[in-house]
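Student: Taking this note's numbering, the leading residue of the sequence shown gets 134, the next gets one more, and so forth.
All C-beta atoms in this analysis are idealised placements derived from N, C-alpha and C, irrespective of residue type, glycine included.
Quantities reported herein were computed from a predicted structural model and do not represent experimental measurements.
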Amino acid sequence: AGRLHDRGLGAHTTGIAFVLLVASWLPLALTRQSLWALAIGAVLLDLAVQAVHVTNQSMIFALRPDAGSRLMAGYMIFYSIGSAVGGLASTAVYALAGWGAVCVLGAAFSALGLLLWAVTTPRRVTV
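#1: Is DSSP giving residue 203 helix, strand or coil here?
#2: Measure the beta-carbon distance from residue 158 to residue 243 and round it to whole angstroms, keeping in mind my assumption that it falls under 8 Å.
#3: Would you mind listing the alpha helix (DSSP H) stretches within the segment 158-224 that are 4+ residues and don't spill past its ends, in chain order?
#4: If residue 171 and residue 154 are in contact, beta carbons under 8 Å, what's the gap, nearest whole angstrom?
#5: By DSSP, does residue 146 sit in helix, in strand, or in coil?
#6: Using alpha carbons as the reference points, say which of 145, 167, 231, 237 lies closest to residue 269.
#7: Do residue 161 and residue 236 have their C-beta atoms within less than 9 Å of each other?
#8: Counting only the same chain and skipping the five closest in sequence on each side, list residues whose C-beta sits under 8 Å from that of residue 247.
#9: If distances are taken between C-alpha atoms only, which option among 174, 192, 203 comes closest to residue 289?
#10: Going by other Cβ atoms of all chains shown within 10 Å of its Cβ, with 16 needed for buried, is residue 185 buried or exposed?
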């Protein structure tokens, strides 16, 4: 993902990763029927999250190399807050409605990320 960012494909990498992230929740929802679904879903989820994370880090360092550490610290604070919110929300949803609802929540958070990426990513217009 970092190399793709270096080649100018950071935004595309993020978009593809978000699509994979949304898609990863379908096999995860089928884990009661198949151990393969768990393996496929976990690999897709991990691949997508790592791609977004590495691309974000590459973009941050490219933004202001002289302030990379400070910017990365801010990014990691919000990354940790997001992880905590996701953990709390999924625990509450699991207690109320079970694993299927957790997968719906994960897909919804992922789709929200994809939507935010889609509306905030500048589009290149070619004529």
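Tutor: Taking the definition as stated:
#1: In the structure shown, the three-state DSSP call for residue 203 is helix.
#2: 7 Å
#3: 168-196
#4: Incorrect: roughly 16 Å between the Cβ atoms, too far for contact.
#5: In this structure, residue 146 counts as helix in the three-state DSSP scheme.
#6: This structure leaves residue 269 out entirely; the chain is present only between 134 and 260.
#7: Result yes, Cβ atoms of residue 161 and residue 236 sit closer than 9 Å.
#8: 148, 151, 152, 154, 155
#9: Because the chain in this structure spans residues 134 to 260, residue 289 falls outside the shown range and cannot be described.
#10: buried
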